[in-house]
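Step one of this worksheet: look at the structure below.
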Amino acid sequence: MMAMRRGSFFRQVFLGIMATSALAVLASAFGIERMLERRMVETLAENLLVDARMLAETLDEGALQERVGVLRERFGRRITVIAPDGRVTAESDVPDEAVARIESHATRAEVQQAWREGWGWSTRRSATIDRELLYVAWRDDANRRIVRLALPLGVVEESVARVRGGVVTGMGLGLLLALLVAWLIARRMAAEVNGVAQVALDRAGGARPPFPVTRTEELARLSGALAVMGRELDQRVDDLEAEHHRLQTILDTMNEGVVLCDEQGRIILFNRAAREQFEVEGEVTERTFVETIRVPEVVALAGRMLREREPDSVEFDWRGRSIQASFVPLVEDFQAGFLAVFHDVTVLKRADRIRRDFVANVSHELRTPLASIAGFAESLAEGALEDKAVAVSFVDGIQRNAERLARIIEDLLQLGRIESGRLPLAPEELGVGPAVDAAAQVISTLRTKRHAFVNAVAGDAKVYADRKALSQILVNLIENAAKYCPPESRIEVSADERDGMRRILVRDNGPGIPPQDLPRIFERFYRGDKSRNAAGEPGTGLGLAICKHLATEMGGRIEAESDGRGTTFFLFLPLHPPV
Amino acid sequence: MARTAPVTILIVEDDPDIATLLEYRLRKEGFSVQSVDRGDKVLATVDSCMPDLIVLDLALPGFSGVEVCRALRHHPRASETPILVVTASADEEEHRAALAAGASRLLVKRGFLKAVDGAVTALLPPL
Numbered sequence: 000m001m002a003m004r005r006g007s008f009f010r011q012v013f014l015g016i017m018a019t020s021a022l023a024v025l026a027s028a029f030g031i032e033r034m035l036e037r038r039m040v041e042t043l044a045e046n047l048l049v050d051a052r053m054l055a056e057t058l059d060e061g062a063l064q065e066r067v068g069v070l071r072e073r074f075g076r077r078i079t080v081i082a083p084d085g086r087v088t089a090e091s092d093v094p095d096e097a098v099a100r101i102e103s104h105a106t107r108a109e110v111q112q113a114w115r116e117g118w119g120w121s122t123r124r125s126a127t128i129d130r131e132l133l134y135v136a137w138r139d140d141a142n143r144r145i146v147r148l149a150l151p152l153g154v155v156e157e158s159v160a161r162v163r164g165g166v167v168t169g170m171g172l173g174l175l176l177a178l179l180v181a182w183l184i185a186r187r188m189a190a191e192v193n194g195v196a197q198v199a200l201d202r203a204g205g206a207r208p209p210f211p212v213t214r215t216e217e218l219a220r221l222s223g224a225l226a227v228m229g230r231e232l233d234q235r236v237d238d239l240e241a242e243h244h245r246l247q248t249i250l251d252t253m254n255e256g257v258v259l260c261d262e263q264g265r266i267i268l269f270n271r272a273a274r275e276q277f278e279v280e281g282e283v284t285e286r287t288f289v290e291t292i293r294v295p296e297v298v299a300l301a302g303r304m305l306r307e308r309e310p311d312s313v314e315f316d317w318r319g320r321s322i323q324a325s326f327v328p329l330v331e332d333f334q335a336g337f338l339a340v341f342h343d344v345t346v347l348k349r350a351d352r353i354r355r356d357f358v359a360n361v362s363h364e365l366r367t368p369l370a371s372i373a374g375f376a377e378s379l380a381e382g383a384l385e386d387k388a389v390a391v392s393f394v395d396g397i398q399r400n401a402e403r404l405a406r407i408i409e410d411l412l413q414l415g416r417i418e419s420g421r422l423p424l425a426p427e428e429l430g431v432g433p434a435v436d437a438a439a440q441v442i443s444t445l446r447t448k449r450h451a452f453v454n455a456v457a458g459d460a461k462v463y464a465d466r467k468a469l470s471q472i473l474v475n476l477i478e479n480a481a482k483y484c485p486p487e488s489r490i491e492v493s494a495d496e497r498d499g500m501r502r503i504l505v506r507d508n509g510p511g512i513p514p515q516d517l518p519r520i521f522e523r524f525y526r527g528d529k530s531r532n533a534a535g536e537p538g539t540g541l542g543l544a545i546c547k548h549l550a551t552e553m554g555g556r557i558e559a560e561s562d563g564r565g566t567t568f569f570l571f572l573p574l575h576p577p578v
Numbered sequence: 000m001a002r003t004a005p006v007t008i009l010i011v012e013d014d015p016d017i018a019t020l021l022e023y024r025l026r027k028e029g030f031s032v033q034s035v036d037r038g039d040k041v042l043a044t045v046d047s048c049m050p051d052l053i054v055l056d057l058a059l060p061g062f063s064g065v066e067v068c069r070a071l072r073h074h075p076r077a078s079e080t081p082i083l084v085v086t087a088s089a090d091e092e093e094h095r096a097a098l099a100a101g102a103s104r105l106l107v108k109r110g111f112l113k114a115v116d117g118a119v120t121a122l123l124p125p126l
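Chain order of the listed sequences is C and Z. So for the first sequence, numbering that gives the first Met the number 0 puts the first residue at 0; every next one is plus one. So for the second sequence, numbering that gives the first Met the number 0 puts the first residue at 0; every next one is plus one.
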């Protein structure tokens with residue numbers, strides 16, 4: 000394509016220049032030759048006129064025919080003498096006896112001209128001797144006759160031929176030079192056109208080279224116009240790209256999966272969230288919705304969407320996530336396709352379940368001690384007061400349950416304060432070791448169950464935390480370990496640094512927490528198998544939830560690991576005040 | 000009470016205070032009372048004491064109350080034994096589940112002790 004077009008332009012320019020040059024050369028060659036020939040004939044004619052005048056002096060009327068024969072021999076000129084009536088009185092190239100039979104020369108052009116103007120000349124083929132001749136006639140007024148000399152033009156033709164050789168050689172050289180110049184010009188122009196075309200093509204391909212500066216004015220204008228157009232196009236392409244980028248960024252940063260399909264159900268757009276939700280990899284455009292998202296509920300809805308074209312939605316569970324899908328049919332630009340938006344509601348549903356569980360749990364946790372109190376009081380009123388031993392135990396029951404209620408209410412209030420940010424925390428740099436010692440002091444269970452408690456925290460381990468909050472967390476974690484472990488277990492607290500934070504480990508060698516309970520132990524009121532909490536006062540079920548919230552409020556977190564050999568709680572807290 | 004043979008009642012309740020109260024009330028009424036605090040101990044105890052009535056809490060460690068109900072109804076010695084469910088739960092769905100699983104009657108804890116006496120009497124087959 001390119002080569003052909005370039006060749007065509009090159010050939011046109013080249014051949015054009017060449018044809019013009021050749022025509023000019025040929026025309027001038029022809030003209031020069033004609034002019035030269037004419038000039039030579041004129042010069043010859045003038046020479047012949049001089050000869051005719053000189054010869055006329057020597058031509059007496061008598062023995063004229065004899066005389067012209069002599070002069071013919073001497074000067075090599077054909078000599079004719081013509082009387083005023085046109086009769087030829089002497090003719091050098093005709094035998095004497097034939098002269099009288101020569102036709103009248105009165106009508107010969109040179110003769111008529113000579114009678115009119117004094118002399119005349121012409122060239123023609125001689126009827127008398129059948130050769131191309133130059134005739135020059137002179138009017139000899141003294142003798143009332145015309146003396147005419149004739150010379151074969153072969154001489155002229157020879158001279159012209161000699162000159163023509165030189166001219167042709169010169170013109171040939173000229174043409175060669177013209178050829179070279181034409182080739183150079185054509186090549187340069189072709190290269191310039193080519194350069195502009197190539198830049199235009201490169202730009203079409205997405206590159207942005209500048210348009211070349213050309214020496215040809217028109218091409219320079221074309222190049223300039225293309226450059227202006229190119230800048231306009233660049234601007235538009237930039238705008239479109241920016242727009243596309245913005246749209247892509249929005250789509251990819253969305254938490255909702257977005258999928259756009261045409262009327263055949265083929266995918267036009269598939270954003271990052273959708274890829275993650277449905278674990279789709281590789282190129283998806285041109286694939287169909289049905290073969291990409293293999294969720295039965297969604298496939299059914301997509302089919303209905305293409306048939307009935309009514310907005311619809313469905314909620315489904317997919318690989319442990321709850322996803323709500325909303326489908327909207329599209330018209331116009333998208334040729335009757337549809338838009339599907341997938342909203343992951345797992346967290347929402349989980350939060351909703353936790354909230355509902357919490358309400359149920361609060362009601363249960365408050366109801367149980369209340370039921371006991373009411374039951375004890377009722378039984379006392381109905382006669383148990385009479386039996387001293389029973390009465391004492393029932394009153395004790397009322398007291399214990401009332402205290403339990405108070406503890407639960409206190410914990411709930413504290414949780415509420417932490418969650419609403421109303422708990423005043425005053426973090427400071429604290430020694431971890433002393434805090435652990437102080438916590439262990441207040442936990443009587445450690446002693447009653449004869450646990451081996453080890454404070455393995457290095458003396459210089461510091462943490463940036465609120466003193467009371469840290470103490471509450473440590474008491475809670477150590478007390479939990481003490482309560483859930485069989486007597487004479489080992490409970491060890493140590494500390495290290497991890498990820499730029501202080502990490503405090505509370506490790507026991509108790510029975511461990513069942514795997515199904517582990518992810519939920521920080522939920523409020525969540526207690527696994529209640530039987531594990533065999534010893535002492537039952538907890539409120541809020542301790543770990545409070546610990547988690549306190550740690551979070553102080554810029555840290557709590558994690559737990561457990562297996563059959565024991566449980567470890569990891570408390571992460573900042574080492575330093577935030578910068 | 001117009002009964003001649005001692006009637007045995009099995010209490011399934013994990014809260015020791017509630018268990019104490021139930022035992023006290025029912026013993027005072029002259030019943031022979033047995034207690035367990037876990038759902039998974041019920042079937043074994045049924046085999047040994049052959050109760051005439053079972054008082055069952057729903058929130059239990061081990062098996063849940065509903066599961067215990069269902070298991071008892073499939074147990075040859077207890078398929079006909081009246082089950083009185085006593086629960087602190089206000090969850091009506093759970094109540095329905097318990098009744099569907101074979102509970103004979105259901106009481107919500109809180110001022111329920113008087114009602115226990117009447118319900119126990121009503122559920123026992125007349126002599």
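Ideal Cβ placement from N, Cα and C applies to all residues, glycine included.
So is lysine 529 (chain C) in contact with chain Z if we call contact Cβ pairs under 7 Å?
For the purposes of this step, residue 529 (chain C) is identified with residue 530 of the first sequence, where counting begins at 1. Legend: pLDDT at lysine 529 (chain C) = 49, less than 50; position of this residue unreliable, value from coordinates given subsequently. Chain Z contact via Cβ: present.
What is the DSSP secondary structure of methionine 49 (chain Z), counted as helix, strand or coil?
What you label residue 49 (chain Z) is simply residue 50 of the second sequence in a count that begins at 1. Taken through DSSP and simplified to helix, strand or coil, methionine 49 (chain Z) comes out as coil.
Three-way DSSP call (helix, strand, coil) for arginine 72 (chain Z) in this model
By one-based count along the second sequence, residue 72 (chain Z) stands at place 73. The three-state reading of DSSP puts arginine 72 (chain Z) in helix, counting H, G and I together.
Give the DSSP-derived three-state secondary structure of isoleucine 503 (chain C) in the structure shown.
Looking up residue 503 (chain C) in the first sequence gives position 504. Reduced to three states, the DSSP call for isoleucine 503 (chain C) is strand.
Tyrosine 483 (chain C), DSSP secondary structure in three states
Looking up residue 483 (chain C) in the first sequence gives position 484. Helix, per DSSP.
Against chain Z, with Cβ distances strictly below 7 Å, would arginine 519 (chain C) count as a contact?
Within the first sequence, the letter at position 520 stands for residue 519 (chain C). By this cut-off, arginine 519 (chain C) is not an interface position.
Residues of chain Z with CB under 7 Å from valine 389 (chain C), in chain order?
Translated into the one-based positions of the first sequence, residue 389 (chain C) becomes position 390. Near valine 389 (chain C) (Cβ distances below 7 Å), the residues of chain Z are Tyr23.
Between the C-alpha atoms of arginine 308 (chain C) and alanine 559 (chain C), what's the straight-line distance to the nearest angstrom?
Taking the first residue of the first sequence as position 1, residue 308 (chain C) is located at position 309. Taking the first residue of the first sequence as position 1, residue 559 (chain C) is located at position 560. Distance between the alpha carbons of arginine 308 (chain C) and alanine 559 (chain C): 50 Å.
Less than 8 Å between the CB atoms is what I'm expecting for valine 258 (chain C) and phenylalanine 288 (chain C), so what's the real figure, rounded?
Counted from its first residue, the first sequence places residue 258 (chain C) at position 259. Counted from its first residue, the first sequence places residue 288 (chain C) at position 289. Valine 258 (chain C) to phenylalanine 288 (chain C), Cβ: 7 Å. Contact.
Could you tell me which whole beta strand (DSSP E) segments of length 3 or greater appear in the segment 305-364 of chain C?
Listed in chain order, the complete beta strand (DSSP E) runs (minimum 3 residues) inside the segment 305-364 of chain C are 311-317, 320-328 and 337-343.
Distance cutoff 7 Å, beta carbons only. Does alanine 205 (chain Z) sit that close to anything in chain C?
Look at the range of chain Z in this structure, 0 to 126, and you will see that residue 205 (chain Z) is not part of it.
Counting only beta-carbon separations shorter than 7 Å, does glutamate 12 (chain Z) have a partner in chain C?
Here residue 12 (chain Z) is taken as the residue at index 13 of the second sequence, counted from 1. For glutamate 12 (chain Z), the answer is no, since every Cβ of chain C falls outside 7 Å of its Cβ.
According to a CB-to-CB cut-off of less than 9 Å, which residues of the segment 341-357 of chain C neighbour chain Z?
Within the segment 341-357 of chain C, no residue has a Cβ that lies closer than 9 Å to any Cβ of chain Z.
Which residue from C:Leu14, C:Val167 and C:Ala51 puts its Cα closest to that of alanine 26 (chain C)?
Counting from 1 along the first sequence, the entry for residue 26 (chain C) is found at position 27. Closest by alpha carbon: C:Val167.
For alanine 359 (chain C), which residues in chain Z fall below 7 Å Cβ to Cβ?
For this step, residue 359 (chain C) is matched to residue 360 along the first sequence. Within 7 Å Cβ-Cβ: Asp90.
Roughly how many angstroms lie between the CA atoms of asparagine 270 (chain C) and arginine 446 (chain C), to the nearest whole one?
What you label residue 270 (chain C) is simply residue 271 of the first sequence in a count that begins at 1. What you label residue 446 (chain C) is simply residue 447 of the first sequence in a count that begins at 1. Annotation: asparagine 270 (chain C) to arginine 446 (chain C) spans about 60 Å, alpha carbon to alpha carbon.
Whose C-beta lies closer than 6 Å to the C-beta of isoleucine 292 (chain C) among residues of the same chain, with five residues either side of it excluded?
The residue labelled residue 292 (chain C) in the question sits at position 293 within the first sequence. Within the same chain, isoleucine 292 (chain C) has close Cβ partners Phe277.
Are the beta-carbon atoms belonging to alanine 177 (chain C) and serine 20 (chain C) less than 7 Å from one another?
Counting from one through the first sequence, the residue named residue 177 (chain C) turns up at place 178. Counting from one through the first sequence, the residue named residue 20 (chain C) turns up at place 21. Yes; because the gap between Cβ atoms is below 7 Å, this pair is in contact.
Where does glutamate 478 (chain C) sit, in a helix, a strand or coil, going by DSSP?
As a position in the first sequence, residue 478 (chain C) is number 479, starting the count at 1. Glutamate 478 (chain C) falls in the helix class under three-state DSSP.
Quick one: is alanine 401 (chain C) near chain Z, going by C-beta distance under 7 Å?
As a first step, residue 401 (chain C) must be located in the first sequence, where it is residue number 402. No, no contact with chain Z.
With 9 Å as the C-beta to C-beta threshold (strictly closer), list the residues of the segment 23-57 of chain Z near chain C in chain order.
Cβ contacts with chain C: Tyr23, Arg24, Lys27, Asp36 and Arg37.
Which residues in the same chain as proline 310 (chain C) place their Cβ atom closer than 6 Å to its Cβ, once the five residues preceding and following it in sequence are excluded?
To locate residue 310 (chain C), count along the first sequence from 1; it is residue 311. Result list for proline 310 (chain C): Val327, in chain order.
Just to confirm before moving on: does the CB-CB distance between glycine 509 (chain C) and glycine 555 (chain C) stay below 7 Å?
Walking along the first sequence from the start, residue 509 (chain C) turns up at place 510. Walking along the first sequence from the start, residue 555 (chain C) turns up at place 556. Contact flag unset, no.
Proximity winner among C:Arg501, C:Glu285, C:Met188 and C:Arg303, relative to leucine 429 (chain C) (alpha-carbon distances)
Your numbering for residue 429 (chain C) matches position 430 in the first sequence. The closest CA to that of leucine 429 (chain C), considering only C:Arg501, C:Glu285, C:Met188 and C:Arg303, is found on C:Arg501.
From glutamate 217 (chain C) to alanine 28 (chain C), what does the alpha carbon distance come to, in whole angstroms?
Within the first sequence, the letter at position 218 stands for residue 217 (chain C). Within the first sequence, the letter at position 29 stands for residue 28 (chain C). Straight through space, the alpha carbons of alanine 28 (chain C) and glutamate 217 (chain C) are spaced by roughly 34 Å.
Glycine 302 (chain C) CB to nearest chain Z CB: under 7 Å?
Translated into the one-based positions of the first sequence, residue 302 (chain C) becomes position 303. For glycine 302 (chain C), no Cβ of chain Z is located within less than 7 Å of the residue's own Cβ.
If distances are taken between C-alpha atoms only, which option among C:Ser371, C:Leu404, C:Gln413 and C:Arg416 comes closest to valine 394 (chain C)?
Locating residue 394 (chain C) in the first sequence gives position 395, where the first residue counts as 1. Comparing Cα-Cα distances from valine 394 (chain C) to each of C:Ser371, C:Leu404, C:Gln413 and C:Arg416, the minimum goes to C:Ser371.
Is there contact here, the segment 90-103 of chain C with the segment 155-166 of chain C, by at least three beta-carbon pairs under 8 Å?
Because the criterion of three Cβ pairs below 8 Å is not met, the segment 90-103 of chain C and the segment 155-166 of chain C do not touch.
Boundaries of the alpha helix (DSSP H) in which alanine 160 (chain C) is found, first to last residue:
On the first sequence, position 161 is the one that residue 160 (chain C) refers to. Its alpha helix (DSSP H) spans residues 153-203.
Less than 7 Å separating the beta-carbons of isoleucine 266 (chain C) and arginine 286 (chain C)?
Position 267 of the first sequence, counted from the first residue, corresponds to residue 266 (chain C). Position 287 of the first sequence, counted from the first residue, corresponds to residue 286 (chain C). The Cβ atoms of isoleucine 266 (chain C) and arginine 286 (chain C) lie closer than 7 Å to each other.
Could you work out which residues of chain Z lie near alanine 273 (chain C), taking near to mean beta carbons separated by less than 7 Å?
Counted from its first residue, the first sequence places residue 273 (chain C) at position 274. By Cβ distance, chain Z contributes nothing, its closest Cβ being about 36 Å from alanine 273 (chain C), past 7 Å.
For a contact defined as C-beta to C-beta under 9 Å, what are the partners of histidine 244 (chain C) on chain Z?
Counted from its first residue, the first sequence places residue 244 (chain C) at position 245. Result: empty, since nearest Cβ-Cβ is about 52 Å, beyond 9 Å.
Candidates C:Ala544, C:Phe452, C:Leu570 and C:Ala350: which alpha carbon is nearest aspartate 495 (chain C)'s?
If you number the first sequence from 1, residue 495 (chain C) lands on position 496. For the residues C:Ala544, C:Phe452, C:Leu570 and C:Ala350, the minimum Cα distance to aspartate 495 (chain C) belongs to C:Leu570.
From the DSSP secondary-structure annotation, give me the bridge partner or partners of tyrosine 134 (chain C).
In the first sequence, counting from the first residue as 1, residue 134 (chain C) sits at position 135. Paired residue(s): C:Ser121 and C:Ala149.
For asparagine 454 (chain C): DSSP bridge partner residues
The residue labelled residue 454 (chain C) in the question sits at position 455 within the first sequence. Asparagine 454 (chain C) is bridged by DSSP to C:Val492.
Cβ pair count under 8 Å reaching 3, the segment 54-72 of chain Z against the segment 81-100 of chain Z:
Taking 8 Å as the limit for Cβ pairs, the verdict is that the segment 81-100 of chain Z does touch the segment 54-72 of chain Z.
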